[in-house]
Structures are given as C-alpha cells and as structure tokens.
Amino acid sequence: MHTLRIQHLAGYGLEVPDLQVGEDFYTAYGLRSQRQGDTVQLHSQQSGPAAIVLMPGAQKRLHHLSFAVQAQDLERFAEHLKALGTPTTTPAFAQVREGLWFQDPWGTWINLVAVPSKAAAPASTTESPPKGVTGLPRTDRHLWRELPRQIRPNRLGHMLMYTPDWEKAEAYYCQALGFRVSDRAAGKVAFLSGGEGVRDHHCFGLINGTHRGFQHGSFHVDTIDDIGFGALQMHQAGFKEGFGPGRHALASNLFYYVRDPWGSWIEYYADMDKISEDWQAKDWNELPYIWPAWAPEFWTKEMNANFEPR
Ligand SMILES: [Fe+2]
4 MHTLRIQHLA GYGLEVPDLQ VGEDFYTAYG LRSQRQGDTV QLHSQQSGPA
54 AIVLMPGAQK RLHHLSFAVQ AQDLERFAEH LKALGTPTTT PAFAQVREGL
104 WFQDPWGTWI NLVAVPSKAA APASTTESPP KGVTGLPRTD RHLWRELPRQ
154 IRPNRLGHML MYTPDWEKAE AYYCQALGFR VSDRAAGKVA FLSGGEGVRD
204 HHCFGLINGT HRGFQHGSFH VDTIDDIGFG ALQMHQAGFK EGFGPGRHAL
254 ASNLFYYVRD PWGSWIEYYA DMDKISEDWQ AKDWNELPYI WPAWAPEFWT
304 KEMNANFEPR
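Every number in our numbering is 3 more than the matching position in the sequence shown, counting from 1.
The following block contains the structure:
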C-alpha cells in the first residue's frame, strides 16, 4: 500500500475584521472573488476549491488549512488520524469546505479535500518549465507592448505558518500528513513538500514562533515580468508596502511580497526549485534571499512578526 501523503496545499482560511477590505486587497492582487453566505471565496486561475476563504472575525487570524489528498486516501487518513489521537470531526463551520476536518494538537483546524487522481499531481510537475523571460519572439517587435500587464496568479503554491513547539509541530505534520522536510533555515523555518516524485520544493512551512499565526501565502505566476507587473498592479491599487523583487536562497524562487491590510504578506513567485526522491534535506544558515542587497531583516519584526492574537 502506498505511503499516505497529502498532495499539495489546497487553500487556507483567514478571519478578518472587514470582509470588504480583504476582498478589495485580494482582487487587486489578481484573485477572483465569490461571496458565499458570510464568507468570501477567493480563486486563482486554477479550478477547484477556493485558495483563500475569508470569514468574519474580531482580528485577522489564521482560521484553517486545507490540503489536497487523493480521493481513495480519505478513508485511510480518517483511520490514521484517529490512531494518532487527532480524529476527524465536524466543526460548526464545516460547510466552508468539502471534505474531512480535524484539529492538530495545537488547535489549528485542518481540512482534507479529495482531488481527482488526475489532478492529484501538483500542477507544478505538469506546467511548462519555469522561465525567467517571456519566450516571445524578439526581433522587430516591441516586447514592452506585448507583455501581459493584468496579472492573474495561476495557482496557490505555498503558505507559511508560525507555530509554537516547532520541532514537535514538524514531527506531527510529517507523521500525520506525510509531509517531508525539504530544507530548514536552521532553528527558524521548516520547509515541507507534499506528494511524491518531482514536486515543488515546498507547499507549506512552519516558522518557529511563540504562537500560531499566518505569515504569508504565495501564488505562482509565469515570469519575472508577471512578478513586476503584479507589484505595479498592487502599487497602483494603493498597496504600496512591499519587498522585492528578488530571488530566495532556499527554494531559489523569484519573489515579490506585498504587505496585506493586517500586517502579514502575500507573495507572487516564479521559478521555484523542483525536488525529486533523491533530494537530501539540509539545515542552512543563510539569508533567505540572494538578491536584492537592500532587503529588510527577515528574522526581526520588520518582515517576520506574528500580529495574531495568542
Ligand atoms: Fe514564499
């Protein structure tokens, strides 16, 4: 029988004090919005469940995580989670996503949603090779007039969550959900991959913190130009606080971060490392980026503060 693993990050939920503020921010970012009851469902270009669900709350707060699993694994996951002492249950808000629900040992709600086995492989293994340039013909043309300027992210790639009990949380997520550690920023961040074979370097990550919280979510775009135009699009919409563009160290992806209305971040990314079954995880003591030179300090509150209530 195959190893039980989540396939990739399907989405996450945030409580926010003003749904309209959240809807305006994420639609400016390039997501499609749909009101459903008292929630806002936000979709990338990829079909399937909402990447982000906004729900009303007193303060911005991570509400839940959602991971994609192969449909035939759902029942096995239910048995496995029960054996670990974190059984599946039905919360009052279960209608916000289809699938199974359970809580990790620290109280975070997690949803497991079935994806058709065709779609179980992360889109990253099937999309065209990452490219830093456009691939458009370059002779006797005005490239600057041809580039797509309205950015609509392809798919949710990853999100990072603060957690207490960092080592224990890493062990739990690997055991419960079949994640594998792809790299660590030593003592600070564990990057986790889902699925098998060639896959994204990470679809989820745990940041060593005092309490649970949302740090950033990140959506895939095709090129460095899409990242640049995404940054411009947000700037023109009034969301001017950002960091980048740049290239990360661990995972090597190109990035631009925009500060969200509640102090956390959303990222556009492209060209992330893919890893295979041969990959060896390591602990690193590097800055999180290799350029630009004028980056803020990631590991202090300038970039990396948890503004959520305990
Ligand atoms: Fe990221």
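No residue lacks a Cβ here, since even glycine has one placed at the ideal position from N, Cα and C.
Apart from sequence neighbours up to five positions away, the residues of its chain that approach G181 with a beta-carbon distance below 7 Å are T6, L7, R8 and I9, ordered along the chain. In the three-state scheme derived from DSSP, where H, G and I count as helix and E and B as strand, L87 is classed as coil. In this structure, the alpha-carbon of G200 lies about 6 Å from that of E280. Less than 8 Å divides the Cβ of Y15 from the Cβ of L65. In chain order, the residues with a C-beta atom nearer than 5 Å to some heavy atom of ligand 1 are S221 and E270. Taking 8 Å as the upper bound for CB-CB distance, Y271 and P151 are not in contact here, some 13 Å apart. A residue is called buried when at least 16 other Cβ atoms come within 10 angstroms of its Cβ; T42 meets this threshold and is buried. Taking each of P90, K63 and V99 in turn and checking the Cα distance to R38, the smallest one comes out for V99. Burial state of G233 is buried, judged by a 10 Å Cβ sphere holding 16 or more other Cβ atoms.
In this structure, the CA atom of E173 is about 15 Å from the CA atom of Q106.
Straight-line spacing of the CA atoms in P248 and L163 works out to 19 Å. According to the DSSP assignment, R148 belongs to the alpha helix (DSSP H) that extends over L146 to E149. Rounded to whole angstroms, the gap between the alpha carbons of F310 and P264 is 11 Å.
Contact between S185 and W112 does not hold, since their C-beta atoms are separated by about 25 Å, which reaches or exceeds 8 Å.
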